[in-house]
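Numbers 336 to 464, taken from my numbering, label the letters of the sequence shown in order.
Note that CB positions come from ideal geometry on N, CA and C, so glycine has one too.
Below you'll find the structure, written out as structure tokens, and then a few comments.
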Amino acid sequence: MDAWLKGLIAAACIVIIGWGVYLGWQEFERQTTISREIQTRDALAEIVRLQRLEADAKLSMAAAEREKQSQIQSKRNACHQAANWLRDYAVMPQPKGAPPKDTLVSKIKICATDGTLDAGDAFDMKPYL
């Protein structure tokens with residue numbers, strides 16, 4: 336074969352190999368970009384999921400706190416009702432719908448010791464106990 340034909344074939348081979356390398360590099364970059372995008376998407380999805388869990392946890396904690404405050408308020412109301420009935424015992428023998436005086440006295444003592452009645456109410460109850 337002539338030298339120029341060998342040179343032409345060699346140049347064609349180099350061009351074909353170069354084109355293959357170029358296409359391979361483009362595919363590598365595309366796959367790398369896709370991989371990074373998938374990782375970013377997954378990380379963002381995890382962040383959103385954790386934020387939702389945190390929001391749900393805050394809501395449930397707030398609901399538990401409201402329930403706790405409601406229970407404390409109910410207990411406080413029951414103690415104040417007992418204190419009112421005990422005050423009524425001072426002016427009438429058996430107020431209508433009131434439990435026996437001994438029950439009220441023991442309830443007021445419990446309310447005074449566990450802090451359900453504030454200091455002023457507990458002090459007001461001393462003459463009745």
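Distances from the CA of S441 to each of A413, Q366, G359, I349 were compared; the closest alpha carbon is that of A413. In this structure, Q416 is the residue among D449, Q416, I445 with its C-alpha nearest to the C-alpha of P434. Straight through space, the alpha carbons of A398 and K431 are spaced by roughly 37 Å. In the three-state DSSP reduction, Q429 falls in the coil class, being neither helix nor strand. Non-local C-beta neighbours of Y424 in its own chain, meaning closer than 6 Å and more than five positions away in sequence, comprise K436, ordered along the chain.
Between V383 and S395, the alpha-carbon positions lie close to 18 Å from each other. Secondary structure at D437: helix, using DSSP grouped into helix, strand and coil.
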